[in-house]
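If you read the sequence shown in full-length UniProt numbering, its first letter stands for residue 1, the second for the next number, and so on. Here the structure is laid out as structure tokens; the discussion comes afterwards.
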Amino acid sequence: MKFEQITLFTSNFSETMQFYDEILECPMLEVNVDYFKVKIGETTLCFQRTKDNMQPYYHFAIDIPYNYFYEMKQHFQNILFLLMEDGKHSVYCESFVAQSMYFNDPSGNIVELIARASNITDEAEFTRVSEMSFVCNDLDTLYPALLNYNVTVHNGEPFNSNQLNFIGDMNDESYLLLTPEQRKWLFSDKLSQAHPLTIRTDQFELSYAIDTNWTLEPVSK
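In structure tokens, the structure reads:
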């Protein structure tokens, strides 16, 4: 499972576009009055302007090279405000064999830069979006539908609709983060909230809308 394009909504359109263009130096793929698309390694991230008073935010993780983690951490500490947890700017996760740091973008998204031990490259650059949150209070129905795409909970753990679940396949370190509302995000004081989004992978397209809840469709090959 690989994330091909993710569409999020933003109430801070211009500042968010400037942030990804000038601060993170991500290539802009398309820009118009309603949305912009930015290239995050192998993934296209689309930010769509909200048309109401919502202030949506999401959590997602961007892969960075394991061998450049400390170099990139120093760089981002100089240009960003890195978030802290327990007095630290980064964390090591043994179950994923990875190191992570976090920051907020101008839309209020909790952005994680994660360096997995399997990701060794020659360049200190973004590889892809490898984790994307999907907040929904109907997870007991959604998870069985996702099983049709050969995904499962990380490390064979049991699925629990009351907690955070890392859902992926066995061939790729990419994960849907299925979680109910009102769960605190790591390195943030924000609680998970359900907001509209569309996630297109190489296998399926998963969307959430306030009026229709979630929809899941296969991707045409």
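Glycine residues also receive a C-beta, built at the ideal position from the N, C-alpha and C atoms. Bear in mind the structure is a predicted one, so any value in this text is a computation, not a measurement.
Taking C-beta separations shorter than 7 Å and ignoring five residues to either side along the sequence, the partners of leucine 186 in its chain run Glu85, following chain order. If only uninterrupted alpha helix (DSSP H) runs of at least 4 residues are considered, those enclosed by the UniProt domain "Toxoflavin-degrading enzyme" (129 to 183) are 139 to 146. For phenylalanine 204, the enclosing beta strand (DSSP E) stretches over residues 204 to 209.
When DSSP assignments are scanned along the region 48 to 117, the uninterrupted stretches of beta strand (DSSP E) that are 3 or more residues long and fall wholly within it turn out to be 59 to 65, 90 to 93, 98 to 104, 110 to 116. If you draw a straight line from the Cα of asparagine 155 to the Cα of valine 33, it is about 43 Å long. Annotation for tyrosine 35: Cys46, Phe47, Gln48, Arg49 place their beta carbon closer than 7 Å to its own, counting only its chain and skipping 5 residues before and after. For isoleucine 40, the pairing in a beta bridge is given by DSSP as Thr43. In chain order, His89, Met101, Phe103 place their CB closer than 6 Å to the CB of leucine 82, counting only its own chain and leaving out the 5 sequence neighbours on each side. Linking alanine 117 to valine 97 through their CA atoms gives a straight-line distance of about 6 Å.
Annotated as distal: valine 135 and glutamate 205, with beta-carbon spacing of 8 Å or more. When C-beta atoms of the region 55 to 66 are compared with those of the region 6 to 15, three or more pairs fall below 8 Å, so the two segments count as touching. By alpha-carbon distance to serine 130, the top candidate from Tyr143, Ile167, Ser207 is Ile167. For methionine 28, the enclosing beta strand (DSSP E) begins and ends at 28 to 31. The straight-line gap separating the alpha-carbon atoms of methionine 28 and glutamine 203 is approximately 25 Å. In this structure, the straight-line span from the alpha carbon of lysine 73 to that of glycine 87 is close to 16 Å. In this structure phenylalanine 126 is in contact with isoleucine 64, their Cβ atoms being roughly 6 Å apart against a cut-off of 8 Å. Excluding its 5 nearest sequence neighbours in each direction, glutamate 157 has no C-beta neighbour in its own chain below 7 Å.
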